[in-house]
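Protein chains in written order, with the numbering used here: chain A, 71 to 183; chain B, 7 to 117.
We put the beta carbon where it would ideally sit given N, CA and C, even for glycine.
First the structure, in the form of structure tokens, and then the observations on it.
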Amino acid sequence: EAQVTQNPRYLITVTGKKLTVTCSQNMNHEYMSWYRQDPGLGLRQIYYSMNVEVTDKGDVPEGYKVSRKEKRNFPLILESPSPNQTSLYFCASSFRDGNQPQHFGDGTRLSIL
Amino acid sequence: SQQGEEDPQALSIQEGENATMNCSYKTSINNLQWYRQNSGRGLVHLILIRSNEREKHSGRLRVTLDTSKKSSSLLITASRAADTASYFCVIPSGGSYIPTFGRGTSLIVHP
């Protein structure tokens, strides 16, 4: 079954404690991306990757890092989380780029205290 | 990057009725997409319509695109309670690879 898998689904943590949200896709997609969703603001893209070792900033990259060492994985790293990063996060992938249909993961609800 | 603006922000209807939501945008596009999001879940792609298409169907969904008015509409016919969700239009970003999501239309279908 075609899937984008994110882990964890829920996380409550404290300010400054480094965390990683993993994302994996099994569709051999070139393009992967991370979004955050906040009430009233819709989905905003954090980072995207066109292929292995190729990543670029989205609209709201501050405070986040990503890596793309393998085609299937695209982890999101918060080196020093802060409360304003409390949000619902989605990973997505598509065959070629962000302007093609994307498959989304089920989301990670992150709370930074 | 430009953003699609959905209208209305919220829509409440009875099962069996049709639901229509609209999306307007500002600059030229080569395609437009619609997604659905059930509460707190990931988005699901519904339809992609290209700029040279005027109408597209998928099951009970009908999407139109009017490039002269820079607007698109999503029609759900014979709605069901399971159609309760938020619906987003997505505008491509031209030269960059950052698709822009609107704020969505929240649809509630009462059984």
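When DSSP labels each residue in this structure, what does residue i get in the three-state scheme?
i, result
"Gln107(A)", "strand"
"Ala87(B)", "helix"
"Asn98(A)", "coil"
"Gln20(B)", "strand"
"Gln76(A)", "strand"
"Gln115(A)", "strand"
"Asn154(A)", "helix"
"Ile55(B)", "strand"
"Arg179(A)", "strand"
"Glu11(B)", "strand"
"Ile114(B)", "strand"
Give the interface partners of residue i over in chain A, defined as CB-CB distance under 9 Å, in chain order.
i, result
"Pro14(B)", "Those within 9 Å of Pro14(B) in chain A number zero; the least Cβ separation is about 15 Å."
"Asn58(B)", "Neighbours of Asn58(B) on chain A: none; closest Cβ ~15 Å, over 9 Å."
Using beta-carbon positions only, say whether residue i and residue j come within less than 9 Å of one another.
i, j, result
"Gln107(A)", "Tyr159(A)", "yes"
"Val96(B)", "Leu80(B)", "no"
"Ile147(A)", "Leu183(A)", "no"
"Ser181(A)", "Thr83(A)", "yes"
"Leu67(B)", "Thr83(B)", "yes"
"Val124(A)", "Lys139(A)", "no"
"Gln76(A)", "Gly177(A)", "yes"
"Gln115(A)", "Tyr105(A)", "yes"
"Gln170(A)", "Leu54(B)", "yes"
When DSSP builds the beta bridges, which residues end up paired with residue i?
i, result
"Phe94(B)", "Tyr41(B)"
"Asp72(B)", "Ser77(B)"
"Val84(A)", "Paired residues: none, contrary to the question."
"Asp167(A)", "Paired residue(s): none; Asp167(A) is not in a bridge."
"Asp126(A)", "Tyr118(A)"
Identify the contact partners of residue i in chain A, using a Cβ-Cβ distance below 7 Å as the criterion.
i, result
"Pro105(B)", "Gly168, Asn169"
"His51(B)", "Pro171, Gln172"
"Leu54(B)", "Pro171"
List the residues of chain A whose Cβ lies closer than 8 Å to the Cβ of residue i, in chain order.
i, result
"Ser34(B)", "Per Cβ cutoff of 8 Å: no residues; Ser34(B) is ~13 Å from chain A at best."
"Asn37(B)", "Asn169"
"Gly110(B)", "Gly112"
"Pro117(B)", "Neighbours of Pro117(B) on chain A: none; closest Cβ ~25 Å, over 8 Å."
Can you list the residues of chain B that residue i reaches, using a CB-CB cut of under 8 Å?
i, result
"Asp108(A)", "Those within 8 Å of Asp108(A) in chain B number zero; the least Cβ separation is about 11 Å."
"Phe160(A)", "Gly48, Leu49"
Using a Cβ cut-off of 7 Å, pull out every chain B residue sitting near residue i, in sequence order please.
i, result
"Leu113(A)", "Phe107"
Regarding residue i and the ligand MN, is the C-beta to nearest heavy atom distance less than 8 Å?
i, result
"Gly65(B)", "With respect to the ligand MN, the structure shown offers nothing to examine, as it has no ligands at all."
Please list the partners that residue i has in chain B, where partner means a Cβ-to-Cβ separation under 9 Å.
i, result
"Gly86(A)", "The contacting residues do not exist; Gly86(A) stays about 27 Å from chain B at best."
*Could you please tell me which residues of the stretch 115-135 of chain A, in chain order, have their CB closer than 8 Å to any CB of chain B?*
Gln115, Tyr118, Met120, Asp126, Gly128, Asp129
*In chain order, what residues of the stretch 90-101 of chain B put their CB closer than 8 Å to some CB of chain A?*
Phe94, Pro98, Ser99
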